[in-house]
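Undergrad: All the letters of the sequence shown, read from the start, carry residue numbers 1 to 590 under UniProt numbering. From the three backbone atoms N, C-alpha and C, an ideal C-beta is built for every residue, glycine too.
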Amino acid sequence: MQAIHAPHNSGEIAKLFKSRLMNSKTPYPKIIYLDGIAYENNEAICELFSKHFARLYTLENDEVVDFPRKTDECLSDIIFTTHEIDKAVANLKLSNTTGPDGISSVLLKKGGNDMSLLLLKLYSISLSDGTYPNCWKKSYIVPIHKYGPIADINNYRPINITSVVSRVMEKIVKTQIIQYLLSNDLLSPSQYGFLSRRSCITCHLDYFDYITQSIDNGRSVTTLFLDVSKAFDKVPHIRLLTKLQSYGITGNLHKWISSFLTEREQLVKINHQLSSSKPITSGVIQGSVLGPILFLLFINDIVSVIKYGKPYLFADDLKIVYDYGYGDMSVESKIQQDLNDLGDWSEKWQLTFNPDKCGITHLGRWKPIMCLYMYGKLLSKLNTVTDLGITYSDLSFSDHANKVVSDCKRLTGFVLRNFYTQEARLAIYRTCIRPKLEYCALLFSNLRTVDRKKIESVQRFLTKRIIGFDQQVEYVDRCVRLKLEPLWLRRVKCNLFLLFKVIRKHCYSNSSITWENIKSYQLRNHDYLVKVATHRKSIRANFFTIKYCTLWNQLPPEIRCCENPDGFKRSLERHFNMSTLARLKDHNCW
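1) Any idea which residues DSSP pairs Lys381 with across the strands?
2) In angstroms with no decimal places, state the Cα-to-Cα distance between Val221 and Gly364.
3) Distance, Cα to Cα, Ser229 vs Thr58?
4) Mind checking which residues open and close the alpha helix (DSSP H) that includes Ile85?
5) Select from Phe53, Lys547 and Ile539 the residue whose C-alpha is nearest the C-alpha of Lys269.
6) Which whole runs of the alpha helix (DSSP H) in the segment 396-437 are 4 residues long or more, in chain order?
7) Go through its chain and collect everything with a Cβ distance to Asp451's Cβ below 6 angstroms, but skip five positions before and after it.
8) Can you tell which of Arg465, Asp317, Glu40 and Asp66 has the C-alpha that lies nearest to the C-alpha of Ile299?
9) For Cys203 versus Gly389, is the C-beta distance shorter than 8 angstroms?
10) Exposed or buried, which one is Asn154 when buried takes at least 16 other CB atoms within 10 Å?
11) Determine the contact status of Leu187 and Leu296, defining contact as a CB-CB distance below 8 angstroms.
12) Cutting at 8 angstroms between CB atoms, please list the residues of its own chain near Lys377, excluding the five before and the five after it.
13) In this structure, how does DSSP classify Phe568 when only helix, strand and coil are distinguished?
14) Does the distance from the CB of Ser282 to the CB of Glu43 come in under 8 angstroms?
15) From the DSSP output, in three-state form, read off Glu347 for me.
16) Using the Cα positions of Leu411 and Arg417, report the straight-line distance between them to the nearest angstrom.
17) Classify Asn495 as buried or exposed, calling it buried when 16 or more other Cβ atoms lie within 10 Å of its own Cβ.
18) Okay, do the segment 209-217 and the segment 529-549 touch, 3+ Cβ pairs below 8 angstroms being the bar?
19) I need the straight-line Cα distance from Leu205 to Tyr508, nearest angstrom please.
20) Where does Met115 fall in DSSP's three states?
21) Report the rounded CA-to-CA distance for Ser520 versus Lys501, giving the unit in angstroms.
22) Buried or exposed: which applies to Gln471, given that a residue is buried once 16 or more other Cβ atoms fall within 10 Å of its Cβ?
23) Quick one: what's Phe225 bridged to in DSSP?
24) On the three-state DSSP scale, how would you describe Pro100?
25) Given Asn184, which residues of its chain have a CB within under 6 angstroms of its CB, disregarding the five upstream and five downstream residues?
26) With a threshold of 16 other CB atoms inside 10 Å of the CB of Cys371, please say whether the residue is buried or exposed.
27) For Ser275, tell me which candidate among Tyr439, Tyr207 and Pro100 has the shortest Cα-Cα distance.
28) Please specify which runs of the alpha helix (DSSP H), each continuous and at least 4 residues long, are wholly inside the segment 192-256, giving them in chain order.
29) Can you tell me whether Phe17 is helix, strand or coil according to DSSP?
30) Could you check which residue in Val303, Leu107, Met169 and Tyr156 has the C-alpha nearest to that of residue 630?
31) Could you tell me which of Asn252, Glu40 and Gly309 sits nearest to residue 591, measuring between CA atoms?
32) Taking the C-alpha atoms as reference points, what is the distance between Ser406 and Arg460?
33) Between the C-alpha atoms of Cys549 and Ala533, what's the straight-line distance to the nearest angstrom?
34) Look up Ser393 in the DSSP assignment and give the residues it is bridged to.
35) For Thr223 and Val321, which I take to be in contact (beta-carbon distance under 8 angstroms), what is that distance rounded to the nearest angstrom?
36) Using a 10 Å radius around the Cβ and a threshold of 16 neighbouring Cβ atoms, would you call Ala38 buried or exposed?
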């Protein structure tokens, strides 16, 4: 393959790498199968995708459902200003790609000073009239491959390309809706998806903190992993609008959202081929700006029907944890009761679970044999779990380490074969490969030493190739020369920064991390200590909330007392000097 000579801009290098990597694959196969029938030409494949995605939508039944009012507050209008519009436009990516209305982000970003005034007038009229313009209701659908054989149409998900003018308006509407919901405490604390300061990382932190604490206390843990079938595509519109009203979204805003959801059309676009138009009868429009928050509001009350377990939600990914003592024979009936109630909820709100993709895990000293059913179908016991990007089995993350290392070695080989300059190789590694090695680093202290060494080996190999195998340079010195840091040291600083954000409330977490109660007469170096909970088992001792709270308390007081995130980062950089710390003997424990 011809080598790529990349430019000096690291962002452009990353784009070039992703583009080159995608071009090395076939985006769409020449043959697609549906129901055992093969389709070959582009026009037929395009229509096939259109037909397939239209199947995902549902027709809402006529049953009238009640939903109790959740607040006396209301949000009936959105305030648009040129400042908010300019801010939203500035955050758009510069692109010539257009939606069905033919308008690109380039036009909005380079349209001159009057553009924001024109948009202000347009948005104000649209909202005050409660009407979402018809020209924005048509969207292009791009099929994105998820997993499995690329010739199987069931392995694709639809992503909407909508009007960029609409997306700017949606950003402003979404921001003010979220502010209203959070200020009135209307969103479930169990929801970690699509919200500022909440993420997969904080969801993993709270979940594993809870179960490792339970196991350390001698209790057993059963977790239900529940999958909602095509959740974003099947949300029934009338039921969603009913819930919006109960959360206080009323008036012109409610009318506008109703118009936003209904009478929409989609066309599948593959390369330059367009399918015929199909109506969108349900769902919250994947790829839209407003869709995710509308979905969160629709699924928000699902946790209220769970009586016995502790739920964790990331958008539509739901897991429920049950902890119990040895020999507790009532736990099975309690879990089944929650499953029955969830089944009733799903029937009422027309958002069904897929029992074939649901399952249970058991952890702890006592692992009872349970027969649990969803819609009358026995749920399977999961030996290996893949959840929010992490694969593990019985709280061992070796499977995750092996998969990540395998993927990153493949990508590293691709980079070394196709990019010749040191600058290009390092820029791509920093941007596209290293983040994969560091994803959810809070769990890495629970990895085996051999697994941590495997992860470090990816960077060891890359630095060796760049410096040259004939150069007898130690790994640490190679990192210094290439302005990299060993991955273990980056993890230490990354995890301490996560702990800082949790304890200083810069991110949302329900974990057990709290400040230590220090008496006023104690010395200054006892200030800003975090509480290290008592623990007995290694699974708990090695977990983030114990290991990094202990390390936090060993930091100098002037670092612990930092309140500003940037100031804390700078202090950590000065404290952890890579050229000296990387030679520590015990670095494999991190």
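TA: Concretely, from the data shown:
1) For the purposes of this step, residue 381 is taken as residue 381 along the sequence shown, with counting starting at 1. DSSP output for Lys381 lists Ile360 as bridge partner(s).
2) Stepping through the sequence shown from its first residue, residue 221 is reached at position 221. Stepping through the sequence shown from its first residue, residue 364 is reached at position 364. About 6 angstroms.
3) The count along the sequence shown starts at 1 and reaches residue 229 at position 229. The count along the sequence shown starts at 1 and reaches residue 58 at position 58. If I take the Cα positions, the gap works out to 12 angstroms.
4) Stepping through the sequence shown from its first residue, residue 85 is reached at position 85. In the DSSP assignment, Ile85 falls within the unbroken alpha helix (DSSP H) covering Thr82 to Ala90.
5) Counting from 1 along the sequence shown, the entry for residue 269 is found at position 269. Among Phe53, Lys547 and Ile539, the Cα nearest to that of Lys269 is on Phe53.
6) Segments of the alpha helix (DSSP H) lying fully in the segment 396-437: 398-418 and 422-428.
7) Taking the sequence shown and counting its residues from 1, the one referred to as residue 451 is at position 451. Within its own chain, the residues whose Cβ lies closer than 6 angstroms to the Cβ of Asp451, once the five positions on either side in sequence are excluded, are Ser398 and Ala401, listed in chain order.
8) In the sequence shown, the residue the question calls residue 299 occupies position 299. The candidate whose alpha carbon is nearest that of Ile299 is Asp317.
9) Taking the first residue of the sequence shown as position 1, residue 203 is located at position 203. Taking the first residue of the sequence shown as position 1, residue 389 is located at position 389. Note that the C-beta distance between Cys203 and Gly389 is not below 8 angstroms.
10) The residue given as residue 154 occupies position 154 in the sequence shown. With fewer than 16 other Cβ atoms from the protein chains shown falling within 10 Å of its own Cβ, Asn154 counts as exposed.
11) For this step, residue 187 is matched to residue 187 along the sequence shown. For this step, residue 296 is matched to residue 296 along the sequence shown. Yes; because the gap between Cβ atoms is below 8 angstroms, this pair is in contact.
12) Position 377 of the sequence shown, counting from 1, holds the residue named residue 377. For Lys377, where only same-chain residues beyond five positions count, the Cβ hits under 8 angstroms are Pro355 and Asp356.
13) Residue 568 sits at position 568 when you count from the first residue of the sequence shown. Of the three classes helix, strand and coil, the one that applies to Phe568 here is helix, per DSSP.
14) Residue mapping note: residue 282 aligns to position 282 of the sequence shown, counting from 1. Residue mapping note: residue 43 aligns to position 43 of the sequence shown, counting from 1. In this structure, Ser282 keeps its C-beta atom at 8 angstroms or more from the C-beta atom of Glu43.
15) Working through the sequence shown from its first residue, we reach residue 347 at position 347. In this structure, Glu347 counts as helix in the three-state DSSP scheme.
16) On the sequence shown, position 411 is the one that residue 411 refers to. On the sequence shown, position 417 is the one that residue 417 refers to. Approximately 10 angstroms, taken between the alpha carbons.
17) By one-based count along the sequence shown, residue 495 stands at place 495. Asn495 is buried by the Cβ-count criterion.
18) Output reads yes: the segment 529-549 touches the segment 209-217.
19) As a working mapping, residue 205 is identified with position 205 in the sequence shown. As a working mapping, residue 508 is identified with position 508 in the sequence shown. Leu205 and Tyr508: Cα-Cα distance of roughly 10 angstroms.
20) Taking the first residue of the sequence shown as 1, we reach residue 115 at position 115. Note: Met115 maps to helix in three-state DSSP.
21) Counted from its first residue, the sequence shown places residue 520 at position 520. Counted from its first residue, the sequence shown places residue 501 at position 501. Its pLDDT being 49, under 50, Ser520 is placed unreliably in this model, and the value from its coordinates should be taken loosely. Cα-Cα distance, rounded: 25 angstroms.
22) Within the sequence shown, the letter at position 471 stands for residue 471. Gln471 comes out exposed.
23) Numbered from its first residue, the sequence shown carries residue 225 at position 225. Bridge partners of Phe225: Lys319 and Gly359.
24) Numbered from its first residue, the sequence shown carries residue 100 at position 100. Looking at Pro100 - three-state DSSP - the assignment turns out to be coil, as it is neither helix nor strand.
25) As a working mapping, residue 184 is identified with position 184 in the sequence shown. The answer, listed in chain order, is Thr71 and Glu73.
26) What you label residue 371 is simply residue 371 of the sequence shown in a count that begins at 1. When all chains shown are included, Cys371 counts as exposed.
27) Counting from one through the sequence shown, the residue named residue 275 turns up at place 275. Closest by alpha carbon: Pro100.
28) Entirely contained in the segment 192-256, the alpha helix (DSSP H) runs reaching 4 residues are, in chain order, 200-216, 231-234 and 237-246.
29) Against the sequence shown, residue 17 aligns to sequence position 17. Judged by DSSP in its simplified three-state form, Phe17 adopts helix.
30) Summary: the structure shown does not reach residue 630, with the chain confined to residues 1 through 590, and so no result is reported for it.
31) Coverage of the chain is limited to positions 1 through 590, which leaves residue 591 absent and any answer about it impossible.
32) Taking the sequence shown and counting its residues from 1, the one referred to as residue 406 is at position 406. Taking the sequence shown and counting its residues from 1, the one referred to as residue 460 is at position 460. If I take the Cα positions, the gap works out to 14 angstroms.
33) Translated into the one-based positions of the sequence shown, residue 549 becomes position 549. Translated into the one-based positions of the sequence shown, residue 533 becomes position 533. Distance between the alpha carbons of Cys549 and Ala533: 9 angstroms.
34) On the sequence shown, residue 393 is found 393 positions in, with the first residue counted as 1. Under the DSSP definition of a beta bridge, Ser393 partners with Ser396.
35) For the purposes of this step, residue 223 is taken as residue 223 along the sequence shown, with counting starting at 1. For the purposes of this step, residue 321 is taken as residue 321 along the sequence shown, with counting starting at 1. Contact between Thr223 and Val321 holds: their C-beta atoms lie close to 5 angstroms from each other, under 8 angstroms.
36) Along the sequence shown, one-based indexing puts residue 38 at 38. Exposed, because fewer than 16 other Cβ atoms sit within 10 Å of the Cβ of Ala38.
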